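Visitor: I'd like to ask you about the structure that follows.
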Amino acid sequence: MRSSGRKPIACSRGATDCLVVQPIAEPGLKLLRDAGLSVHTPKQTCYSDLLPHLATARAVITRNHGLSAEEIAAAPNLKVIVSHGAGTDAIDKAAARYRNVPVLSTPGANTTAVAEHTFALMLACARQITEADRAVRAGLFDFRYRQNGFELAGKTLGLVGYGRIARSVAARARAFDMRVVAATRRASPEDLIRDGAEQVDMDALCACADIVSLHAVPNDRHRLDAPRIASLKRGAIVVNTARGSLLDECALVAAVKCGKLAGAALDVFNDEPLPADSPLLDCPRLIVTPHIGGSARESLDRTAVQAAGKVISSLGLSAA
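Residues in the sequence shown are numbered from -7 upward in steps of one, following this note's numbering.
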């Protein structure tokens, strides 16, 4: 691993045993402190603000900021990195492996929150909630005669991927009397049948789904690329609460603007924060939320406690 050329600086204050890069819920912080750890959350996540605390940190808990190779190199005492959430994409895992520093995450802690947010976005698109809200605020109460929202009951939900969150979404879809199909390599047809769902390939899913919801693990190509977006049913809806890299955002905008799709809702993006000039922002019938799917109060408490527990265990400490 090549050196960044920057030298870590000594921390003039007390040692930061655990650096919490971005704020986490108080129950997790309390658990860390009760285990005897000194905890610090910097005001900003720029390198200069993190550096004094990286210099003495034995553990790092990070959220969407992740941890770069340069930041890992600046932490000579580092024993563990914990992602506050299921994803570790923003952490330089190669740099961590080079240092023999384990990278851990908290899968499952936010499953319910993400599933509920997914369903909220589905309902908001299907019933044109944001458009109706804007119309009423503008004094256009006759929007009620122009809207063309639709029921979810009887519609087909296509799940791309079938992990914890997708299964939780499927359970809610069945309660809404929806048909559920899933394109997945990780679940057997028997598993899906037991859940009341059907296994299909991506081509079949695109052809039959009224709503497509993305829950797959990202790879080096879009799971919902331009040709697949073009193959979706006219009037379909796309929802993404997983990873921005799973779909072609430009192709999605084009499909919504031309009327091919009834709408879309995204909680995750290729670039976060979303740039001010993003074409997503001026696309009608496209709802955007700031990566808050897993951020319900209850899930934030659970995630913080799990992250703290993994730090404590990794450092060989005992929770009070």
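Ideal Cβ placement from N, Cα and C applies to all residues, glycine included. Please read these numbers as outputs of a predicted model, since none were measured by experiment.
Based on DSSP bridge pairs, tell me the residues matched to R55.
Guide: Paired residues: none, contrary to the question.
Visitor: Starting from C10, trace the alpha helix (DSSP H) in both directions and tell me its first and last residue.
Guide: Note, C10: premise wrong, no alpha helix (DSSP H); beta strand (DSSP E) at 10 to 12.
Visitor: From what residue to what residue does the alpha helix (DSSP H) around L253 run?
Guide: No alpha helix (DSSP H) holds L253; the beta strand (DSSP E) holding it covers 253 to 258.
Visitor: Let's test the definition: count the other Cβ atoms within 10 Å of the Cβ of I185 and tell me whether it reaches 16, buried, or not, exposed.
Guide: By the beta-carbon neighbour count (other beta carbons within 10 angstroms, threshold 16), I185 is exposed.
Visitor: Which ranges does the beta strand (DSSP E) cover as unbroken runs of at least 3 residues, wholly within the stretch 54 to 117, from first to last along the chain?
Guide: Segments of the beta strand (DSSP E) lying fully in the stretch 54 to 117: 72 to 75.
Visitor: Going by beta carbon distance, what residues of the same chain come within less than 8 Å of S237, once the five residues before and after it are set aside?
Guide: P210, H214, N262
Visitor: So that I know if they touch, is there some Cβ in chain B lying closer than 8 Å to that of D263?
Guide: Absent here is chain B; the protein component of the structure consists of one chain.
Visitor: Does the stretch 79 to 97 come close enough to the stretch 109 to 123 that 3 or more CB-CB pairs lie under 8 Å?
Guide: no
Visitor: How about L307 and V72: are their beta carbons less than 8 Å apart?
Guide: yes
Visitor: From L43 to K225, what does the alpha carbon distance come to, in whole angstroms?
Guide: 51 Å
Visitor: From the DSSP output, in three-state form, read off S4 for me.
Guide: Here the model assigns S4 a pLDDT of 39, short of 50, so the residue's position is not dependable, and the following value carries that caveat. Looking at S4 - three-state DSSP - the assignment turns out to be coil, as it is neither helix nor strand.
Visitor: To the nearest angstrom, how far is the alpha carbon of A116 from that of F168?
Guide: Approximately 15 Å, taken between the alpha carbons.
Visitor: My output table needs one value for I157: the three-state DSSP class, helix, strand or coil.
Guide: helix
Visitor: Span of the alpha helix (DSSP H) holding A300?
Guide: 289 to 306
Visitor: Apart from the five residues on each side of it in sequence, which residues of its chain come closer than 8 Å, Cβ to Cβ, to P271?
Guide: Correct list, in chain order: E241, C242, V245.
Visitor: Give me the residue from D26, D293, L144, G251 with the minimum Cα distance to A311.
Guide: D26
Visitor: Please list the terminal residues of the continuous alpha helix (DSSP H) segment that includes S205.
Guide: Per DSSP, S205 belongs to no alpha helix (DSSP H); it is in the beta strand (DSSP E), 203 to 206.
Visitor: Take A105 as the anchor and find which of A47, H45, R289 has the nearest alpha-carbon.
Guide: Considering only alpha carbons, the answer is R289.
Visitor: Using only alpha-carbon positions, find the residue among P99, G255, A61 that is nearest to N232.
Guide: With distances taken between CA atoms, N232 lies nearest to G255 out of P99, G255, A61.
Visitor: Mind checking who N232 pairs with in its DSSP beta bridge?
Guide: L206, L258
Visitor: Given the structure, does L309 come close to the ligand NAD, in the sense that its CB is under 7 Å from one of the ligand's heavy atoms?
Guide: Absence of the ligand NAD is noted for the structure shown, with no ligands found whatsoever.
Visitor: Between the beta-carbon of S60 and the beta-carbon of G77, is there less than 8 Å?
Guide: no
Visitor: Would you mind working out which of L70, F142, R126, A17 sits nearest L11, comparing C-alpha positions?
Guide: L70
Visitor: Relative to the alpha-carbon of G153, which residue among P94, A174, S287, G28 has its alpha-carbon at the smallest distance?
Guide: A174
Visitor: For C275, is the classification buried or exposed, using 16 other Cβ atoms within 10 angstroms of its Cβ as the cut-off for buried?
Guide: buried
Visitor: Can you round the beta-carbon distance between V13 and T48 to whole angstroms, since I take them to be within the 8 Å contact cut?
Guide: About 15 Å; that fails the 8 Å criterion.
Visitor: Taking the alpha carbon of R126 as the reference point, which residue from L239, P15, A163, R277 has its own alpha carbon closest?
Guide: For R126, the nearest C-alpha among the options comes from R277.
Visitor: Alpha carbon to alpha carbon, how far is P219 from A163? Give it in angstroms, no decimals.
Guide: 29 Å
Visitor: Using the C-alpha atoms, what's the distance from V204 back to A196?
Guide: 12 Å
Visitor: DSSP on T148, reduced to helix/strand/coil?
Guide: DSSP places T148 in strand when its eight states are reduced to three.
Visitor: For E190, which residues does DSSP report across the bridge?
Guide: V173
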